[in-house]
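Line order of the protein sequences matches chains X and V.
Sequence positions in the first sequence follow this note's numbering and run 1144 to 1419.
Sequence positions in the second sequence follow this note's numbering and run 4 to 241.
Positions of the beta carbon are idealized from the N, C-alpha and C atoms, including for glycine.
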Amino acid sequence: MNVFKVIKDIENADLEIYERLNPRRMVIRTISSFGSKIALSSLPFVVSGLLRKAYGQELPQKIVDVLNFALTLEYLEAEFYTKALAANGLITNTTAKDAITVIRDHENQHVDFLKSALGAKAVAKPKFDFTASGTFSDVFSNYDTFLAIANALEDTGVRAYKGQAGELMENDNILRYALNIHSVEARHAAHIRQMRRARGGVAANLKPWITGSNDTGISAVDPIYANEDNKIQADIDITTLNGINGKISTGAATESFDEPLSKDAVLEIAQLFIVS
Amino acid sequence: MKNLKMNNEDHQPREDSLSHTNLKRRSFLKFTGATLATSALLATACNKNKDGFPDMEDGVYMGKGDVAILNYAYILEQLEAAFYTKIAESPYGEISDLENSLLVDIRDHEIAHREFFKLALGDNAIPDIEVDFSSINFSNRDNVLAAAKAFEDLGVSAYNGAGQLIQQPEYLLLAGKIASVEARHAALIRDLVRNGTFADDEVVDANGLEISKSPSDVLTAAAPFIKTKINARDLPTY
């Protein structure tokens, strides 16, 4: 329902879009024929290049960049859960299946939403390899591996959206939409973490919130949690603040604020799962 | 956080403002999740004007611009911190160790948020607010978790809805850092109420977007739980 509003916002930023509706189909074709050969990090540049060619001028680059960055992550998550639910014998418990279905549906909705918002400017879906070149070879046959990757991807999503909010400040509605996706990713992350905790093992003490830096028990995902253990907010050391019994603990200080991740850092992480 | 002090030079009341108009225009209790609210509570929360809507012209002045938004967050964090502190002081009978430790965690997060805003706002911080939890039966698990769910969902929708009103990128980022933690709380509480409801369609729309709320809607929803009169005259809203 809000898709039209987003499109309207982009129209407002790019008043001539209606005159450009004809070349739009051509752009889509050009991008998708290119798609599989383009390295992810260069996608925004290539897209803007094609659009410049088709439209004769620069589009609101900040908007396009951020939304395409988000779209790439949502493609990744949507395909991940789609494949997991389709994998025979991976998720056998009905409750778990229901939860993963809820999450998958949200990720698909995010893909659709962002694609609609971007229109011709939407990047094509990359080709993914969820084993990360063999690092997680049993991702779709071992339930615990699957949940661990889901945990990492959701926390990445939360950090990624947070890191881009400042780039969207010029457009109230798009900023709000991004924030509204951001918190949904955090809800997913919290639930996946509870699902993992219920499995025990390395995740036996995992909480819905992130304690310290990488608390997932999977060292391969360390970069996803870089600087998550920050306890200084706006020059205030949270551990110097008064809690109930003494000062706020370091654990609570790190749990109570989620940290952003830069676009480059997120793309580097996403690149682990992108073939082309 | 120097900017906070510079941005708040105007403490003088004005006769009219957007926020006040909006508060009047909207129905007083839009927050359907807050099943605990009663009209009796509303009467103690705010004076009513002749239209039956809360009169926000008197009371604790929140400031304007980003200061007002940060005080707005500070109010919500005070409310949440007080709520979880009360739970931890007298946990409901059948609480499990795990559930208790998670709720104590949340209490500590909310206290960290509250104390952070208080220190960051400095002289611009509003005084401590007085809360009213008389509608919540703290010995009843269902009642406590229903209230927790309402507070957490409201908190997330508040941060999401306020983002666009923030002027300084630094504060927007801070709000985002807290918002996702509140969303984690909300998901956990919802799963404690009923597993699998962490992001159901009460809070997420058909586009997969969380439902956000304007400051005036949020304050209206929170009003039954706040005794202190709040003057939101210059609080940015829409």
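CA nearest to the CA of residue i, picked from the options
{"i": "Ala1267 (chain X)", "options": "X:Tyr1368, X:Phe1212 and X:Ala1395", "result": "X:Phe1212"}
{"i": "Ala1242 (chain X)", "options": "X:Arg1336, X:Pro1366 and X:Asn1370", "result": "X:Arg1336"}
{"i": "Ala1363 (chain X)", "options": "X:Ala1295, X:Glu1398, X:Arg1340 and X:Gly1344", "result": "X:Ala1295"}
{"i": "Leu195 (chain V)", "options": "V:Leu238, V:Val206, V:Val207 and V:Leu148", "result": "V:Leu148"}
{"i": "Thr1237 (chain X)", "options": "V:Ala209, V:Glu102, V:Ile229 and V:Gly199", "result": "V:Gly199"}
{"i": "Asn1251 (chain X)", "options": "V:Phe228, V:Ala235 and V:Gly211", "result": "V:Gly211"}
{"i": "Leu1233 (chain X)", "options": "X:Phe1289, X:Lys1305, X:Gln1204 and X:Asn1373", "result": "X:Phe1289"}
{"i": "Asp1084 (chain X)", "options": "V:Glu118, V:Ala76, V:Asp203 and V:Pro227", "result": "As shown, chain X starts at 1144 and ends at 1419. That puts residue 1084 (chain X) outside it, with no answer to give."}
{"i": "Ser1405 (chain X)", "options": "X:Ile1379, X:Asn1388 and X:Asn1370", "result": "X:Asn1370"}
{"i": "Leu145 (chain V)", "options": "V:Arg193, V:Phe228 and V:Tyr241", "result": "Residue identity differs from the one stated: residue 145 (chain V) is Asp in this sequence, not Leu. The residue with the shortest Cα to Cα distance from Asp145 (chain V) is V:Arg193."}
{"i": "Tyr64 (chain V)", "options": "V:Ile181, V:Ala235 and V:Tyr241", "result": "V:Ala235"}
{"i": "Ala1291 (chain X)", "options": "X:Ile1317, X:Gly1360, X:Arg1319 and X:Pro1351", "result": "X:Gly1360"}
{"i": "Leu168 (chain V)", "options": "V:Thr88, V:Pro218 and V:Lys180", "result": "V:Pro218"}
{"i": "Asn1388 (chain X)", "options": "V:Thr88, V:Ala71 and V:Ala76", "result": "V:Thr88"}
{"i": "Glu80 (chain V)", "options": "V:Ser215, V:Arg197, V:Glu97 and V:Ala115", "result": "V:Ala115"}
{"i": "Ala1329 (chain X)", "options": "V:Glu213, V:Ala71, V:Lys232 and V:Glu97", "result": "V:Glu213"}
Alpha-carbon to alpha-carbon, residue j and residue i
{"i": "Ile1206 (chain X)", "j": "Glu1310 (chain X)", "result": "8 Å"}
{"i": "Phe1283 (chain X)", "j": "Gly1343 (chain X)", "result": "19 Å"}
{"i": "Gln1376 (chain X)", "j": "Ala224 (chain V)", "result": "29 Å"}
{"i": "Leu1210 (chain X)", "j": "Asn140 (chain V)", "result": "45 Å"}
{"i": "Ser1399 (chain X)", "j": "Glu83 (chain V)", "result": "13 Å"}
{"i": "Thr1244 (chain X)", "j": "Asp208 (chain V)", "result": "15 Å"}
{"i": "Phe120 (chain V)", "j": "Asn1385 (chain X)", "result": "13 Å"}
{"i": "Ala1230 (chain X)", "j": "Ala91 (chain V)", "result": "43 Å"}
{"i": "Leu26 (chain V)", "j": "Thr1354 (chain X)", "result": "The predicted position of Leu26 (chain V) is uncertain, since its pLDDT is 41 and thus under 50; a value taken from the coordinates is nonetheless stated next. Roughly 39 Å separates the two Cα atoms."}
{"i": "Thr1397 (chain X)", "j": "Ala1239 (chain X)", "result": "29 Å"}
{"i": "Tyr1218 (chain X)", "j": "Lys1390 (chain X)", "result": "42 Å"}
{"i": "Lys1350 (chain X)", "j": "Leu106 (chain V)", "result": "11 Å"}
{"i": "Ala37 (chain V)", "j": "Leu222 (chain V)", "result": "Confidence in Ala37 (chain V) is poor, its pLDDT being 33 and thus under 50, which makes the residue's placement too unreliable to answer from."}
{"i": "Pro1203 (chain X)", "j": "Val1254 (chain X)", "result": "20 Å"}
{"i": "Leu122 (chain V)", "j": "Ala128 (chain V)", "result": "8 Å"}
{"i": "Tyr75 (chain V)", "j": "Ala1221 (chain X)", "result": "35 Å"}
{"i": "Tyr77 (chain V)", "j": "Ala1308 (chain X)", "result": "21 Å"}
{"i": "His1334 (chain X)", "j": "Asp61 (chain V)", "result": "42 Å"}
{"i": "Leu1410 (chain X)", "j": "Ile1381 (chain X)", "result": "30 Å"}
{"i": "Tyr162 (chain V)", "j": "Ser215 (chain V)", "result": "8 Å"}
Where residue i meets chain X, residues with beta-carbon distance less than 9 Å
{"i": "Ile114 (chain V)", "result": "Leu1384, Asn1385, Gly1386, Ile1387, Ile1391, Ala1395 and Ser1399"}
{"i": "Pro130 (chain V)", "result": "The premise fails here: Pro130 (chain V) is roughly 17 Å from chain X at the closest Cβ pair, so nothing lies under 9 Å."}
Coil, strand or helix - residue i by DSSP
{"i": "Glu1313 (chain X)", "result": "coil"}
{"i": "Ile233 (chain V)", "result": "strand"}
{"i": "Asn1385 (chain X)", "result": "strand"}
{"i": "Val1409 (chain X)", "result": "helix"}
{"i": "Val134 (chain V)", "result": "strand"}
{"i": "Ile1243 (chain X)", "result": "helix"}
{"i": "Tyr241 (chain V)", "result": "coil"}
{"i": "Gln1200 (chain X)", "result": "Any reading at Gln1200 (chain X) needs caution, since the residue's pLDDT is 41, under 50, leaving its predicted position unreliable; the model's value is listed next. Here Gln1200 (chain X) sits in coil by DSSP."}
{"i": "Val1207 (chain X)", "result": "helix"}
{"i": "Tyr95 (chain V)", "result": "coil"}
{"i": "Arg197 (chain V)", "result": "coil"}
{"i": "Gln1252 (chain X)", "result": "helix"}
{"i": "Phe119 (chain V)", "result": "helix"}
{"i": "Ala1308 (chain X)", "result": "helix"}
{"i": "Gly1262 (chain X)", "result": "helix"}
{"i": "Ile192 (chain V)", "result": "helix"}
{"i": "Leu222 (chain V)", "result": "helix"}
{"i": "Asn1231 (chain X)", "result": "coil"}
Chain-ordered chain X contacts of residue i [CB-CB under 7 Å]
{"i": "Ile181 (chain V)", "result": "Phe1400"}
{"i": "Phe119 (chain V)", "result": "Gln1376, Ile1379, Ile1381 and Leu1384"}
{"i": "Asn198 (chain V)", "result": "Thr1238"}
One or two residues paired with residue i in a DSSP bridge
{"i": "Asp1380 (chain X)", "result": "X:Ile1375"}
{"i": "Asn210 (chain V)", "result": "Asn210 (chain V) pairs with nothing; no bridge assigned."}
{"i": "Tyr1368 (chain X)", "result": "Partner(s): none; Tyr1368 (chain X) has no beta bridge."}
{"i": "Val147 (chain V)", "result": "None, per the DSSP bridge assignment."}
{"i": "Lys1390 (chain X)", "result": "X:Asn1385"}
{"i": "Phe1271 (chain X)", "result": "X:Ile1417"}
{"i": "Val63 (chain V)", "result": "V:Ile233"}
Contact list for residue i against chain V, beta-carbon separation under 9 Å
{"i": "Arg1319 (chain X)", "result": "Asn163, Gly164, Gly166, Gln167, Leu212 and Ser215"}
{"i": "Gly1343 (chain X)", "result": "The premise fails here: Gly1343 (chain X) is roughly 13 Å from chain V at the closest Cβ pair, so nothing lies under 9 Å."}
Chain-ordered chain V contacts of residue i [CB-CB under 7 Å]
{"i": "Arg1330 (chain X)", "result": "Ala186, Ala189, Ala190, Phe201 and Ala202"}
{"i": "Ala1308 (chain X)", "result": "Gly166, Leu175, Leu176 and Gly179"}
{"i": "Glu1326 (chain X)", "result": "The sequence as given places Ser at residue 1326 (chain X); Glu does not occur at that position. In chain order: Val159, Asn163, Ala182, Ser183, Ala186 and Glu213."}
Contact test: residue i Cβ vs the ligand GTP heavy atom, cutoff 7 Å
{"i": "Leu82 (chain V)", "result": "With respect to small molecules bound, the structure shown includes none, and the ligand GTP cannot be examined in it."}
Neighbouring residues, chain V, relative to residue i (Cβ below 8 Å)
{"i": "Pro1351 (chain X)", "result": "Leu105, Arg187, His188, Ala190 and Leu191"}
{"i": "Lys1226 (chain X)", "result": "The premise fails here: Lys1226 (chain X) is roughly 19 Å from chain V at the closest Cβ pair, so nothing lies under 8 Å."}
Under 8 Å from the C-beta of residue i: neighbouring residues of chain X
{"i": "Asp108 (chain V)", "result": "Lys1350, Trp1352, Ala1395 and Glu1398"}
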